[in-house]
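Novice: Below you will find the structure I want to go over with you.
There are 2 protein chains.
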Amino acid sequence: MTAAQTAIALALASAAPAAEPDKKAPVGVPRVVLAIHGGLGMAKEDLTPELEKQIRAKLAETLEAGRGALAKPGATSLDAVEHAIRMLEDSPLFNAGKGAVFTHEGRNELDASIMEGKTKRAGAVAGVTIVKNPISAARAVMERSQHVMLIGRGAEVFATKQGLEIVDPSYFWTLPRWEQIQNSWKEDKTGQVSPLRTLGEHDWGTVGAVAVDADGNLAAGTSTGGMNNKQFGRVGDSPIIGAGTYADNAGCAVSCTGHGEYFIRFAVSHEINSLVKYQGLKVEQAADRVVNETLKQAGGEGAVIALDAQGNYSDAYNSDGLYRGYITADGKPTVLLHER
Amino acid sequence: MTAAQTAIALALASAAPAAEPDKKAPVGVPRVVLAIHGGLGMAKEDLTPELEKQIRAKLAETLEAGRGALAKPGATSLDAVEHAIRMLEDSPLFNAGKGAVFTHEGRNELDASIMEGKTKRAGAVAGVTIVKNPISAARAVMERSQHVMLIGRGAEVFATKQGLEIVDPSYFWTLPRWEQIQNSWKEDKTGQVSPLRTLGEHDWGTVGAVAVDADGNLAAGTSTGGMNNKQFGRVGDSPIIGAGTYADNAGCAVSCTGHGEYFIRFAVSHEINSLVKYQGLKVEQAADRVVNETLKQAGGEGAVIALDAQGNYSDAYNSDGLYRGYITADGKPTVLLHER
Numbered sequence: 000m001t002a003a004q005t006a007i008a009l010a011l012a013s014a015a016p017a018a019e020p021d022k023k024a025p026v027g028v029p030r031v032v033l034a035i036h037g038g039l040g041m042a043k044e045d046l047t048p049e050l051e052k053q054i055r056a057k058l059a060e061t062l063e064a065g066r067g068a069l070a071k072p073g074a075t076s077l078d079a080v081e082h083a084i085r086m087l088e089d090s091p092l093f094n095a096g097k098g099a100v101f102t103h104e105g106r107n108e109l110d111a112s113i114m115e116g117k118t119k120r121a122g123a124v125a126g127v128t129i130v131k132n133p134i135s136a137a138r139a140v141m142e143r144s145q146h147v148m149l150i151g152r153g154a155e156v157f158a159t160k161q162g163l164e165i166v167d168p169s170y171f172w173t174l175p176r177w178e179q180i181q182n183s184w185k186e187d188k189t190g191q192v193s194p195l196r197t198l199g200e201h202d203w204g205t206v207g208a209v210a211v212d213a214d215g216n217l218a219a220g221t222s223t224g225g226m227n228n229k230q231f232g233r234v235g236d237s238p239i240i241g242a243g244t245y246a247d248n249a250g251c252a253v254s255c256t257g258h259g260e261y262f263i264r265f266a267v268s269h270e271i272n273s274l275v276k277y278q279g280l281k282v283e284q285a286a287d288r289v290v291n292e293t294l295k296q297a298g299g300e301g302a303v304i305a306l307d308a309q310g311n312y313s314d315a316y317n318s319d320g321l322y323r324g325y326i327t328a329d330g331k332p333t334v335l336l337h338e339r
Numbered sequence: 000m001t002a003a004q005t006a007i008a009l010a011l012a013s014a015a016p017a018a019e020p021d022k023k024a025p026v027g028v029p030r031v032v033l034a035i036h037g038g039l040g041m042a043k044e045d046l047t048p049e050l051e052k053q054i055r056a057k058l059a060e061t062l063e064a065g066r067g068a069l070a071k072p073g074a075t076s077l078d079a080v081e082h083a084i085r086m087l088e089d090s091p092l093f094n095a096g097k098g099a100v101f102t103h104e105g106r107n108e109l110d111a112s113i114m115e116g117k118t119k120r121a122g123a124v125a126g127v128t129i130v131k132n133p134i135s136a137a138r139a140v141m142e143r144s145q146h147v148m149l150i151g152r153g154a155e156v157f158a159t160k161q162g163l164e165i166v167d168p169s170y171f172w173t174l175p176r177w178e179q180i181q182n183s184w185k186e187d188k189t190g191q192v193s194p195l196r197t198l199g200e201h202d203w204g205t206v207g208a209v210a211v212d213a214d215g216n217l218a219a220g221t222s223t224g225g226m227n228n229k230q231f232g233r234v235g236d237s238p239i240i241g242a243g244t245y246a247d248n249a250g251c252a253v254s255c256t257g258h259g260e261y262f263i264r265f266a267v268s269h270e271i272n273s274l275v276k277y278q279g280l281k282v283e284q285a286a287d288r289v290v291n292e293t294l295k296q297a298g299g300e301g302a303v304i305a306l307d308a309q310g311n312y313s314d315a316y317n318s319d320g321l322y323r324g325y326i327t328a329d330g331k332p333t334v335l336l337h338e339r
């Protein structure tokens, strides 16, 4: 436990009992400083041992590196979130940055958003095709523009002017995703679902991160290639503040993945924050209620990771699995795929 | 005090103290069925008598027509919201559809969203340049696509395929807005604020509507040209479900206008809904708290209109004024600009 976390725990412990439920973990329980997800992933039976090994290793490496970014002097939760998401974007294992799915028109269109819990500053980009790390473009929008959200060519021109790394759209191309879209095209033509399709990854498989720094400030971020075979111009929840991403020091930091349309309609990340702030739920209760009651009843498949300023972490998913992991200030990373 | 305000005051005075506040107005009090706004508008001293007359007449006409749309057999609150917003989009008096402001690049880029409180279905478009009525495109996305949000060219191709009315971008051009952007360009070059600028309308001046139908179902919608001189690709709160627009029968229907970046960061429409649902606030309390406390403290200028399923209506603004109006099932329309 860091000095600041100890201070928070002491402050909480000395607070008089109140009607508001107790949100802290028992004293001595290690608090999570960073959690990440890599989407719902593929069905357990389709995951080869080799691929599983690669995914687990990349998630663990990302958690270690993200914690390292957080430990640097002056570093914030925002730095850890950006660092972790950049690593997942750069890995072809996930549907964000390199390795993104293709639109119905055979292009990669990327969305991302980031938010800071103390100031509630936020930034987002949608429909970008040439920015290597959309999460960094989202952060640049937050920190270096007067706007919160930039889309399409406007976002690309901004990212270019800001000196972010620009790539040819072909950078995002990967063989498995190309086979996946070709397969979808075949299905669209014949109306028959190909057996190959079940071997492909989930149509949705966003990446995201939530973190808390030594000052007790939260941050959250999300990045995605969207849905395989999506109509061009379609935007899911990932770049929508309040849907795919939200952070509020008085509530929690949330990053979502899943069938984005449902996450927008139920403003999932902000809803979880509201349940924590206004209903006094713990993050695990709030995450569970929204994912396993609200979304499930509506037919919305998906998952969330959530973290409060005291380091209480929870994930919830109503799907087969969720590629995810978390790390404390001094422990080993914990990585989970299909196991609860 | 207007009749509706008196009714609300009476309802407040007669309410018995309880843990769960009674959200119903007393029997016999006329309930609002439709409310609309036309943005923050220009400063009172800049509004000529002739222009004021035109704006009041258009708002009254829209309220009457919207109520008419609601009274048709089988019509829903969604029909009333779409009908009202189409009329405001078609009028050059407001910053939506014809009469939209220009981007820094001299184009009109339009955003809109719509939502149904019973099912929480929603639709949105952003950055469209050739769709005559963006609110109808948003509704088409909701009802005839698998998606919630389409942006840019993708949204335009979809609207075209759906048979919506497509116009040349020059359709949206109006002289006052063109003078406004030319003025901004001059200011950008010289760094001097022109005296003409103070004569121009507010940079933000979105339109929106909230309605409740005979079945007690809520709907909300918002449409805008965004901010004058905005960077191309910038998206404000209007097309963001949870920011500019939200509708939930268990809470309320909300449409926002103002400095959109703040409305996204504080997820204003969903926040008001959360305060009604989870804190038991009345719509007027929730709207007031978010607009006059949360947003004001953060420096976010703007306004909201909110309506619950019992017909309790409220507007709140922290600006000079708000072009707005409401109507009951059988009364005359009430139109307000700068008067509280």
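Just so you know, the sequences run in chain order A and B.
For what it's worth, numbering that gives the first Met the number 0 labels the leading residue of the first sequence as 0, then goes sequentially.
For what it's worth, numbering that gives the first Met the number 0 labels the leading residue of the second sequence as 0, then goes sequentially.
Every residue, glycine too, gets a C-beta built ideally from N, C-alpha and C.
In three-state terms, what does DSSP make of residue 60 of chain B?
Specialist: Taking the second sequence and counting its residues from 1, one reaches residue 60 of chain B at position 61. Residue state, collapsed to three classes: helix.
Novice: With DSSP run on the structure shown, which of helix, strand or coil describes residue 97 of chain B?
Specialist: Residue mapping note: residue 97 of chain B aligns to position 98 of the second sequence, counting from 1. It is coil, neither helix nor strand.
Novice: When DSSP builds the beta bridges, which residues end up paired with residue 109 of chain A?
Specialist: Locating residue 109 of chain A in the first sequence gives position 110, counting from the first residue. In the DSSP output, where bridge partners are listed per residue, residue 109 of chain A has A/127.
Novice: Just to confirm the assignment, what range does the alpha helix (DSSP H) spanning residue 336 of chain A have?
Specialist: What you label residue 336 of chain A is simply residue 337 of the first sequence in a count that begins at 1. It is not in any alpha helix (DSSP H) - residue 336 of chain A carries neither H nor E in the DSSP assignment.
Novice: Please list the partners that residue 170 of chain B has in chain A, where partner means a Cβ-to-Cβ separation under 9 Å.
Specialist: Within the second sequence, numbered from 1, the residue matching residue 170 of chain B stands at position 171. Simply none; closest approach about 21 Å.
Novice: Any idea what DSSP makes of residue 115 of chain B, helix, strand or coil?
Specialist: Along the second sequence, one-based indexing puts residue 115 of chain B at 116. Of the three classes helix, strand and coil, the one that applies to residue 115 of chain B here is strand, per DSSP.
Novice: Rank A/49, A/69, A/36 and A/73 by C-alpha distance to the C-alpha of residue 58 of chain A and give the top, closest one.
Specialist: Translated into positions along the first sequence, residue 58 of chain A becomes position 59. Closest option to residue 58 of chain A, Cα to Cα, is A/36.
Novice: Classify residue 329 of chain B: buried if its beta carbon has 16 or more other beta carbons within 10 angstroms, exposed otherwise.
Specialist: Reading the second sequence from its first residue, position 330 is the one you call residue 329 of chain B. By the 10 Å Cβ count, residue 329 of chain B comes out exposed.
Novice: Closest Cβ-Cβ distance between residue 260 of chain B and chain A: below 8 Å?
Specialist: Position 261 of the second sequence holds residue 260 of chain B. For residue 260 of chain B, the answer is yes, since a Cβ of chain A falls inside 8 Å of its Cβ.
Novice: What runs of the alpha helix (DSSP H), each 4 residues or longer, lie entirely inside the segment 160-246 of chain B?
Specialist: With a minimum length of 4 residues, the continuous alpha helix (DSSP H) runs that stay inside the segment 160-246 of chain B are 174-189.
Novice: State buried or exposed for residue 344 of chain A, treating a residue as buried only when at least 16 other CB atoms are found within 10 Å of its CB.
Specialist: Residue numbering for chain A in the displayed model covers 0 to 339; residue 344 of chain A lies beyond these limits and cannot be assessed.
Novice: Leaving out five residues on either side along the sequence, give the residues of the same chain with a beta carbon under 7 Å from the beta carbon of residue 38 of chain B.
Specialist: One-based indexing of the second sequence puts residue 38 of chain B at position 39. Excluding sequence neighbours, residue 38 of chain B sits near 93, 94, 201, 203, 204, 205, 206, 256 and 322.
Novice: If you measure from the beta carbon of residue 286 of chain A to each beta carbon in chain B, is any gap under 8 Å?
Specialist: Position 287 of the first sequence, counted from the start, is the residue given in the question as residue 286 of chain A. For residue 286 of chain A, the answer is no, since every Cβ of chain B falls outside 8 Å of its Cβ.
Novice: Can you list the residues of chain A that residue 399 of chain B reaches, using a CB-CB cut of under 7 Å?
Specialist: There is no way to answer for residue 399 of chain B, as the model of chain B reaches only from 0 to 339.
Novice: Which residue from B/185, B/177 and B/135 puts its Cα closest to that of residue 169 of chain B?
Specialist: Residue numbering aside, residue 169 of chain B sits at position 170 when the second sequence is read from its first letter. Checking every option, the nearest Cα to that of residue 169 of chain B belongs to B/177.
Novice: Report the rounded CA-to-CA distance for residue 180 of chain A versus residue 259 of chain A, giving the unit in angstroms.
Specialist: Your numbering for residue 180 of chain A matches position 181 in the first sequence. Your numbering for residue 259 of chain A matches position 260 in the first sequence. Going from the Cα of residue 180 of chain A to the Cα of residue 259 of chain A covers about 19 Å.
Novice: If you follow the alpha helix (DSSP H) that residue 259 of chain A is part of, which residue opens it and which one closes it?
Specialist: Translated into positions along the first sequence, residue 259 of chain A becomes position 260. Unbroken alpha helix (DSSP H) run through residue 259 of chain A: 259-264.
Novice: Using a C-beta cutoff of 8 Å, does residue 117 of chain A count as contacting chain B?
Specialist: Reading the first sequence from its first residue, position 118 is the one you call residue 117 of chain A. Answer no: the Cβ-Cβ gap between residue 117 of chain A and chain B never drops below 8 Å.
Novice: Count the other C-beta atoms from every protein chain shown that fall within 10 angstroms of the C-beta of residue 20 of chain A, then say buried if there are 16 or more, exposed otherwise.
Specialist: Working through the first sequence from its first residue, we reach residue 20 of chain A at position 21. Legend: pLDDT at residue 20 of chain A = 42, less than 50; position of this residue unreliable, value from coordinates given subsequently. By the 10 Å Cβ count, residue 20 of chain A comes out exposed.
Novice: Starting from residue 313 of chain A and walking both ways along the beta strand (DSSP E), at which residues does that stretch end?
Specialist: The residue labelled residue 313 of chain A in the question sits at position 314 within the first sequence. Start and end: 312-316.
Novice: Below 6 Å CB to CB, which residues in the same chain sit around residue 237 of chain B once its five sequence neighbours on both sides are set aside?
Specialist: As a position in the second sequence, residue 237 of chain B is number 238, starting the count at 1. Excluding residues within five positions, the ones whose Cβ falls inside 6 Å are 110, 205, 221, 223 and 243.
Novice: Put residue 36 of chain A into one of helix, strand or coil per three-state DSSP.
Specialist: Here the question's residue 36 of chain A lines up with position 37 in the first sequence. Three-state DSSP puts residue 36 of chain A in a strand.
Novice: Counting only Cβ pairs nearer than 7 Å, list the residues of chain A close to residue 147 of chain B.
Specialist: Position 148 of the second sequence, counted from the first residue, corresponds to residue 147 of chain B. Near residue 147 of chain B (Cβ distances below 7 Å), the residues of chain A are 260, 263 and 264.
Novice: If you count every other CB in all the chains shown that lies within 10 Å of the CB of residue 327 of chain B, and 16 or more means buried, which is it?
Specialist: Walking along the second sequence from the start, residue 327 of chain B turns up at place 328. Flag for residue 327 of chain B reads buried.
Novice: Mind pulling the chain B residues with CB within less than 9 Å of residue 376 of chain A?
Specialist: Because chain A in this structure spans residues 0 to 339, residue 376 of chain A falls outside the shown range and cannot be described.
Novice: Give the single residue among A/113, A/119 and A/105 whose Cα lies nearest to the Cα of residue 219 of chain A.
Specialist: Along the first sequence, read from residue 1 onward, the residue named residue 219 of chain A stands at position 220. It is A/113 whose Cα lies nearest to the Cα of residue 219 of chain A.
Novice: What are the boundary residues of the beta strand (DSSP E) that residue 325 of chain B is part of?
Specialist: Taking the first residue of the second sequence as 1, we reach residue 325 of chain B at position 326. Per DSSP, residue 325 of chain B belongs to the beta strand (DSSP E) from 323-327.
Novice: Name the chain B residues that come within less than 9 Å of residue 240 of chain A, Cβ to Cβ?
Specialist: Here residue 240 of chain A refers to the residue found at position 241 of the first sequence. Correct list: 239, 241, 242, 263, 264 and 266.
Novice: By Cβ distance, which residues of its chain are closer than 6 Å to residue 150 of chain A, with the 5 residues on each side in sequence left out?
Specialist: Stepping through the first sequence from its first residue, residue 150 of chain A is reached at position 151. Correct list, in chain order: 125 and 126.
Novice: Taking only three categories from DSSP, how would you classify residue 341 of chain A?
Specialist: This structure does not reach residue 341 of chain A, given that chain A is present from 0 up to 339, and the question cannot be answered.
Novice: Mind listing the chain B neighbours of residue 126 of chain A? Cutoff is C-beta to C-beta under 7 Å, in chain order.
Specialist: Position 127 of the first sequence holds residue 126 of chain A. Near residue 126 of chain A (Cβ distances below 7 Å), the residues of chain B are 150 and 151.
Novice: Grouping DSSP H, G and I as helix and E and B as strand, with all else coil, what is residue 25 of chain A?
Specialist: As a working note, residue 25 of chain A is residue 26 in the first sequence. Confidence at residue 25 of chain A is low in this model, with a pLDDT of 48, below 50, so the placement of that residue should be treated as unreliable; the coordinate-derived value is given next. Coil.
Novice: Name, in chain order, the residues that DSSP records as bridge partners for residue 303 of chain A.
Specialist: What you label residue 303 of chain A is simply residue 304 of the first sequence in a count that begins at 1. DSSP, once it has assigned bridges, lists A/255 and A/315 as partnering residue 303 of chain A.
Novice: For residue 186 of chain A, which option in A/314, A/103 and A/307 has the closest C-alpha, if you only look at C-alpha atoms?
Specialist: Taking the first sequence and counting its residues from 1, the one referred to as residue 186 of chain A is at position 187. Out of A/314, A/103 and A/307, A/103 has the C-alpha closest to the C-alpha of residue 186 of chain A.
Novice: Closest by CA to residue 183 of chain B, which one among B/227, B/85 and B/287?
Specialist: Within the second sequence, numbered from 1, the residue matching residue 183 of chain B stands at position 184. Ranking the options by Cα distance to residue 183 of chain B, first place goes to B/227.
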